[in-house]
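Following: one structure in structure tokens, then a few remarks.
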Amino acid sequence: MKGDVPEVRPGTVLGHEAVGEVVETGAGVRSVRPGDRVLVSCITACGRCRFCRENRFGQCLGEGGWILGHLIDGTQAEYVRVPFADLSVHPLPGPVSSEDAVLLADILPTGYEVGVLSGRVGPGDTVAVVGAGPVGLATIATARLYTPGRVIAVDAAPSRPEAARAVGADVTVGADEDPEALVGDLTGGLGADVVVEAVGIPETFELCTRMVRPGGRVANVGVHGKPVALHLESLWSKDVTITTGLVDTYSTPLLLEMTAAGRLPAVPSLVTHRFTPSEMEAAYDVFSRAADTGALKVVVGAPTHDAVSLPAQERAA
């Protein structure tokens, strides 16, 4: 929406998160069949290339990776073709609602893999998450799985502190507070063990590098569309690890099992607005003004389709 992904061509159907019912499958598909209720992952994986064999599905060389709504038509449609269906869709257990499941398409694996696991969150850690939007909140929720000492959420939007506390933040920092000073006070001047950047602008990335302790980790989750200054003049001697990454979604089956077992109880609170497909423009308007509307995850839902037969070129491969 902000133009930070220039590869998307005009006319491309957007969307890379979905839950739906399988209508038809290609001849090579073995893991799902028509009638199955499935989660469509934001990442498509060929399963054969070097990176897929390393579980780095986001870097797939076999015409996979982040392609839905990016390089090919995406999921904001009545019917969606999903390439490499055996590795790119997940059958849903009965207890998992569609709203819970759609959060597993992108934001929960992203927060967990790129934020929590890359940041190596551990027991007793002080974790600061800068940006309490959907991905930042997913990071907070999954960080709690590793029993950190405290989780600090930083966000200037008025509605975000309450949302952050709902998913497990111990401390929230709003627009009228100094996050650097607060983190310093809470850690005896050391800084946070792990700082997660979940906004995607230069100012917040630089803030993260100032809040991390010597020997700590900065995990960048935000999507950046502009150059960011890396102040090595102050970082070179601090033994700081900085990680970046696109989600690989290797954790999706695990997170799906945890959701089915009720181990992520705070997650449903991330869905704040619901629309029908005919209200798509209104949905985008609400989402684009999240600071004013309080929007976190906006869900667009449709009734189940009648069975149809799709043209061969549109079938799942």
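Per the numbering used here, the sequence shown runs over residues 42 to 358. We put the beta carbon where it would ideally sit given N, CA and C, even for glycine.
Please name the residue or residues paired with residue i in a DSSP beta bridge.
i: Phe316; result: Val341
i: Gly256; result: DSSP lists no partner for Gly256.
i: Gly131; result: At residue 131 the sequence reads His, which differs from the Gly that was named. Answer is Leu80, bridged to His131.
i: Ala59; result: Val81
i: Thr228; result: Thr228 is not bridged to any residue.
i: Ala194; result: Val170 and Thr213
Terminal residues of the continuous alpha helix (DSSP H) containing residue i?
i: Arg91; result: Arg91 to Arg94
i: Ile181; result: Pro175 to Ala184
i: Ala207; result: Arg201 to Ala207
i: Thr334; result: Ala331 to Thr334
Leaving aside the five residues before and after residue i along the sequence, list all residues of the same chain whose C-beta is less than 6 Å from its C-beta, in chain order.
i: Gly241; result: Gly263, Val264 and His265
i: His314; result: Val327, Ala336 and Val339
i: Cys249; result: Val171, Val236, Glu238 and Val259
i: Pro150; result: Val288, Thr290, Ser292 and Thr293
Terminal residues of the continuous beta strand (DSSP E) containing residue i?
i: Ile283; result: Thr282 to Thr284
i: Ala169; result: Thr167 to Val171
i: Asp234; result: Ala233 to Glu238
So the candidates are the options; which of them puts its Cα closest to the Cα of residue i?
i: Ser159; options: Gly88, Val237 and Leu223; result: Val237
i: Val235; options: Thr284, Glu203 and Asp226; result: Thr284
i: Gly52; options: His111, Pro164 and Thr66; result: His111
i: Asp77; options: Arg122, Ala331, Ile84 and Gly135; result: Gly135
i: Ala301; options: Gly286, Ala68, Glu320 and Ala142; result: Ala142
Under 8 Å Cβ to Cβ from residue i, same chain only, skipping five residues before and after it: list those, please.
i: Ala118; result: Val54 and Gly56
i: Val79; result: Val60, Gly61, Glu62, Val63, Val73, Val130, His131, Pro132 and Leu133
i: Glu221; result: Leu248, Arg251 and Met252
i: Tyr187; result: Val157, Val162, Gly163, Pro164 and Asp166
i: Gly209; result: Ile181, Ala182, Ala184, Arg185, Val192 and Ala307
So residue i packs on residue j, CB below 8 Å; how close in whole Å?
i: Val214; j: Ala184; result: Rounded, the Cβ-Cβ distance is 16 Å, inconsistent with contact.
i: Ala146; j: Val70; result: Contact flag wrong, Cβ pair sits at about 19 Å.
i: Pro243; j: Ala270; result: 7 Å
Tell me which residues share the same chain as residue i and place their Cβ nearer than 7 Å to its Cβ, disregarding the 5 neighbours each side in the sequence.
i: Glu140; result: Pro309, Val312 and Val340
i: Asp217; result: none
i: Gly190; result: Gly165, Asp166 and Thr167
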